[in-house]
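First comes the structure, then the notes that go with it.
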Amino acid sequence: IITGSTGIGKSFIATAIGHQACALNYRVMYVHSTKLFAKMKIAKADGSYLKELAKIERQHLLLIDDFGLQPLDAQCRSALLEIIEARHGKSSTIITSQVPVNMWHEIIGEQTIADAILDRIVHDSHRIEMKGESLRKKRLPKNEEKIDLENLKN
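Residues in the sequence shown are numbered consecutively from 27, following the numbering used here.
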């Protein structure tokens with residue numbers, strides 16, 4: 027689990043690990059959390075849910091990026107539980123989030139399912155909490171001036 031504020035490098039670290047795993051011939055899947063849940067909802071509707079779940083389960087490493095940007099509905103909670111259960115104890119999952127882990131219960135919602143998911147994710151995990159300024163703020167393009175937005179006139 028990699029947590030920290032926006033732009034601090036969580037996704038960079040996670041994808042660097044994923045890239046190295048690929049170089050070592052491991053099967054790796056990167057997916058943004060909102061796309062993962064949208065994909066699972068579509069798969070549920072079109073009958074390909076079990077196939078999609080099996081594809082995720084086969085990966086040696088699953089990278090779920092930006093978890094917790096929005097609360098999970100019942101379908102997303104169910105999909106997340108099934109994904110985590112299918113992978114628990116068998117393969118690795120990296121989750122990045124701007125939201126501290128102690129707030130994930132609120133994001134997941136329904137207490138019993140949140141407990142089941144977090145019990146499997148949190149207790150067996152290595153956690154990295156990144157601190158500092160956004161790396162994006164530090165990256166101004168060459169020859170670009172800083173603009174003082176407060177002193178701009180309309």
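Yeah, the Cβ is synthetic: ideal placement off N, Cα and C, and Gly gets one too.
For I109 and A40, what's the separation of their Cα atoms in angstroms? Within the sequence shown, residue 109 is the residue found at index 83, counting from 1. Within the sequence shown, residue 40 is the residue found at index 14, counting from 1. Straight-line Cα distance between these residues: approximately 19 Å.
Assign D91 to one of three DSSP states: helix, strand, or coil. Here residue 91 refers to the residue found at position 65 when the sequence shown is read from its first residue. Reduced to three states, the DSSP call for D91 is strand.
Buried or exposed: where does M129 fall if 16 or more other Cβ atoms within 10 Å of its Cβ makes it buried? Working through the sequence shown from its first residue, we reach residue 129 at position 103. Classification for M129: exposed.
According to the neighbour-count rule (16 or more other Cβ atoms, all chains shown, within 10 Å of its Cβ), is N180 buried or exposed? On the sequence shown, position 154 is the one that residue 180 refers to. Residue placement at N180 is flagged as unreliable, the pLDDT there being 48, under the threshold of 50; a coordinate-derived value is accordingly withheld.
Let me know the secondary structure DSSP gives A27 once reduced to three states. Indexing the sequence shown from 1 puts residue 27 at position 1. Here the sequence assigns Ile to residue 27, which means Ala is not the residue at that position. In the three-state scheme derived from DSSP, where H, G and I count as helix and E and B as strand, I27 is classed as coil.
If you draw a straight line from the alpha carbon of I27 to that of D145, how long is it in whole angstroms? What you label residue 27 is simply residue 1 of the sequence shown in a count that begins at 1. What you label residue 145 is simply residue 119 of the sequence shown in a count that begins at 1. For I27 and D145, the distance between alpha carbons rounds to 13 Å.
Okay, do the stretch 68-82 and the stretch 99-119 touch, 3+ Cβ pairs below 8 Å being the bar? Taking one beta carbon from each stretch, the stretch 68-82 and the stretch 99-119 have 3 or more pairs nearer than 8 Å; the two touch.
Tell me which residues share the same chain as A42 and place their Cβ nearer than 7 Å to its Cβ, disregarding the 5 neighbours each side in the sequence. Counting from 1 along the sequence shown, the entry for residue 42 is found at position 16. Closer than 7 Å at the Cβ level, and outside the excluded window around A42, lies no residue.
Taking contact to mean at least 3 C-beta pairs separated by less than 8 Å, is the stretch 115-122 in contact with the stretch 82-100? yes
Does R153 pass the burial test, meaning 16 or more other C-beta atoms within 10 Å, or should it be called exposed? Here residue 153 refers to the residue found at position 127 when the sequence shown is read from its first residue. Flag for R153 reads exposed.
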